[in-house]
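Here is the structure we will look at.
Residue numbers (my numbering): 2 to 115.
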């Protein structure tokens with residue numbers, strides 16, 4: 002079964018920015034909400050931001066105002082622009098569709114450290 006493919010992570014200093022990408026093949030972004038999640042080792046995966054078929058967005062409280070989710074329907078790609086990154090944003094970031102989730106992808110590691 003198709004898995005989401007996340008990319009764009011890396012090592013960045015506090016206050017820096019990264020743009021993550023999530024390609025979800027085989028579905029239409031016009032028919033499903035897609036959510037970005039993150040997970041720290043030993044902790045449960047938590048949701049970060051979501052975007053609906055109509056491009057309405059929602060954010061977890063600790064990223065609101067710093068992160069921005071967007072999408073390119075034609076490319077089946079959802080983006081997560083992360084600004085003013087903090088050490089507590091360090092995690093593996095994943096994406097998935099909300100309805101009938103796909104098998105989880107490998108995720109992309111984001112490390113915020115000086």
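Think of the CB as a built atom: it goes at the ideal place given N, C-alpha and C, for glycine as much as any other residue.
If you're wondering where the values come from, they're calculated on a predicted model, not measured in any experiment.
Neighbourhood of residue i by C-beta, 7 Å cutoff - its chain only, sequence neighbours within 5 removed
i, result
"residue 106", "4, 5, 6, 7 and 95"
"residue 92", "39, 40, 41 and 111"
Three-way DSSP call (helix, strand, coil) for residue i in this model
i, result
"residue 75", "helix"
Same chain, Cβ closer than 6 Å to residue i, five either side skipped, listed in chain order
i, result
"residue 1", "Since the first residue of the chain shown is 2 and the last is 115, residue 1 is not available in this structure."
"residue 59", "51"
"residue 82", "20 and 69"
"residue 14", "115"
Of the listed residues the options, nearest to residue i (C-alpha basis)
i, options, result
"residue 109", "39, 54, 78 and 79", "39"
"residue 53", "63, 46, 67 and 71", "71"
Whole-angstrom distance between residue j and residue i, CA atom to CA atom
i, j, result
"residue 69", "residue 28", "22 Å"
"residue 73", "residue 42", "30 Å"
"residue 89", "residue 65", "14 Å"
"residue 154", "residue 9", "Examination of residue 154 is not possible in this model, given that the chain is present from 2 through 115 alone."
"residue 86", "residue 44", "20 Å"
"residue 77", "residue 48", "20 Å"
"residue 25", "residue 18", "23 Å"
"residue 56", "residue 16", "27 Å"
"residue 75", "residue 11", "26 Å"
"residue 1", "residue 79", "The structure shown does not extend to residue 1, since the chain spans only 2 to 115, so no value can be given for it."
Residue i CB to nearest heavy atom of the ligand MG below 7 Å
i, result
"residue 95", "You won't find the ligand MG in this model; it holds no ligand whatsoever."
Close Cβ partners of residue i (< 8 Å) along its chain, the five nearest in sequence each way excluded
i, result
"residue 84", "18, 67, 68 and 69"
"residue 63", "89"
Next item on the list: Assess, as a yes-or-no matter, whether the region 27-39 is touched by the region 93-102 under the definition of 3 or more beta carbon pairs within less than 8 Å.
Entry: yes
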